[in-house]
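Everything below concerns the one structure shown next.
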Amino acid sequence: MPEGSETTAQPVDAPATRVRSASASPFLAGVGAIVLAVLLGFCAYAGSVALAAAYLLSALVVAVGWPMLLGLPRERSSSLVLGIAAVSMTVIVGWADTADGIRWVTAALAISLALVFLQSLVSRGERERVVISLAVMSLGLGALASGAFIADAALRDHGREAVVAALAGASLGTALDVALRGRERLSEATLPVSLLLGIGAGLIAAAVAGVPWNAPLVAGLLGAGVSHAFRSILRAAARLGGPAAQLALGSATVLFVGVLPTAATWFFAQIS
Numbered sequence: 012m013p014e015g016s017e018t019t020a021q022p023v024d025a026p027a028t029r030v031r032s033a034s035a036s037p038f039l040a041g042v043g044a045i046v047l048a049v050l051l052g053f054c055a056y057a058g059s060v061a062l063a064a065a066y067l068l069s070a071l072v073v074a075v076g077w078p079m080l081l082g083l084p085r086e087r088s089s090s091l092v093l094g095i096a097a098v099s100m101t102v103i104v105g106w107a108d109t110a111d112g113i114r115w116v117t118a119a120l121a122i123s124l125a126l127v128f129l130q131s132l133v134s135r136g137e138r139e140r141v142v143i144s145l146a147v148m149s150l151g152l153g154a155l156a157s158g159a160f161i162a163d164a165a166l167r168d169h170g171r172e173a174v175v176a177a178l179a180g181a182s183l184g185t186a187l188d189v190a191l192r193g194r195e196r197l198s199e200a201t202l203p204v205s206l207l208l209g210i211g212a213g214l215i216a217a218a219v220a221g222v223p224w225n226a227p228l229v230a231g232l233l234g235a236g237v238s239h240a241f242r243s244i245l246r247a248a249a250r251l252g253g254p255a256a257q258l259a260l261g262s263a264t265v266l267f268v269g270v271l272p273t274a275a276t277w278f279f280a281q282i283s
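In structure tokens form, the structure reads like this:
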């Protein structure tokens, strides 16, 4: 009887340990988002080489943890495809200031998507899981491609301030979302408070740099709103992920808003 009781006790302790790990790991998404946003924002002022290094770090975090975050059946091959995309887009980010190389992001994205489809063709899983895998990988590649456009925004007038605002809106919104998770009444205020934080980040960035506030404000506002929508899509999976998955969520949330500073600065340049 004692031996039997010990045998039945072992499987009870393992799930309890996993639950404790899963309940603590979501905070890594907020911490990772803030750290990577600060790093990318600083490197946007430091030059293309520094920005490429910061982007590579953020993209590799996504490549490693993204398949874990959403439970893809072929984690290693999926991480390999995302890693190839991360390295190729890093080269583009480092090249962007000399030959307008950011235009090659579309080519890198197309090749990466072709690899994703090739991976799905050789997969032996059910059709439904193959479709889900395609959607998940496409979303991850979209985040990497969007993040590469930070290099383009950094070359535009007032673009660096817009980058700082968008990254601040996304990262602060992620941290707030994680902090209020599980509190029903307070969690309802996550979106409006995140939008206010994004607006505040844009105004502060513009005031410190002494530039017009329009593009940074819009970039901060959109960064907070778009990142909130991105997290809402992945919310169920994010609660189940481990540390690597949560870091990938934080990094992907930050990179996903990378195209917004370019869009904001381009728009106001056209109407001015």
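Numbering (our numbering), first residue to last: 12 to 283.
The beta carbon of each residue, even a glycine, is placed where N, CA and C say it ideally should be.
Contacting residues, own chain, Cβ-Cβ under 6 Å from residue i (five flanking each side not counted)
i	result
residue 94	74
residue 281	none
residue 54	61, 62, 65
residue 167	276
residue 132	none
residue 18	For residue 18, the predicted structure reports a pLDDT of 43, less than 50, and the residue's modelled location is therefore unreliable. A value from the coordinates is still provided. Cβ neighbours of residue 18 beyond the five flanking positions: none.
residue 34	Interpretation of residue 34 is limited by its pLDDT of 41, a score under 50 that renders its predicted location unreliable; the figure taken from the coordinates is listed afterwards. Nothing meets the Cβ criterion.
Per-residue DSSP class, three states only, for residue i
i	result
residue 105	helix
residue 84	coil
residue 268	coil
residue 37	coil
residue 52	helix
residue 262	helix
residue 94	helix
residue 253	coil
residue 59	helix
residue 283	coil
Contact check, residue i vs residue j, beta carbons under 8 Å
i	j	result
residue 77	residue 259	yes
residue 130	residue 85	yes
residue 183	residue 202	no
residue 187	residue 213	no
residue 96	residue 155	yes
residue 39	residue 254	yes
residue 70	residue 261	no
residue 176	residue 223	no
residue 217	residue 80	no
residue 144	residue 83	yes
residue 234	residue 178	yes
residue 181	residue 274	no
residue 189	residue 52	no
Contact set for residue i: own chain, Cβ-Cβ below 7 Å, skip 5 residues either direction
i	result
residue 103	112, 113, 115, 116, 119, 159
residue 206	232, 235, 236
residue 140	84
residue 313	As displayed, the chain neither begins before 12 nor continues past 283, which places residue 313 out of reach and without an answer.
residue 185	40, 41, 44, 238, 242, 261, 264
Nearest-angstrom Cβ-Cβ length linking residue i and residue j, presumed shorter than 8 Å
i	j	result
residue 169	residue 276	6 Å
residue 237	residue 204	Not quite, the Cβ-Cβ distance comes to about 16 Å (not below 8 Å), so this is no contact.
residue 157	residue 270	4 Å
residue 164	residue 173	6 Å
residue 148	residue 88	Contact doesn't hold; Cβ gap of about 10 Å is too wide.
is_contact[residue i, chain E] using C-beta, thresh 8 Å
i	result
residue 93	The chain labelled as chain E is not found in the depicted structure, where only one protein chain is given.
request  = Can you check the stretch 157-239 for any alpha helix (DSSP H) of at least 4 residues that lies completely inside it and give the ranges in chain order?
outcome  = 161-165, 170-190, 195-198, 201-220
ask   = What alpha helix (DSSP H) runs, 4 residues minimum, are completely inside the stretch 116-145?
value = 116-133
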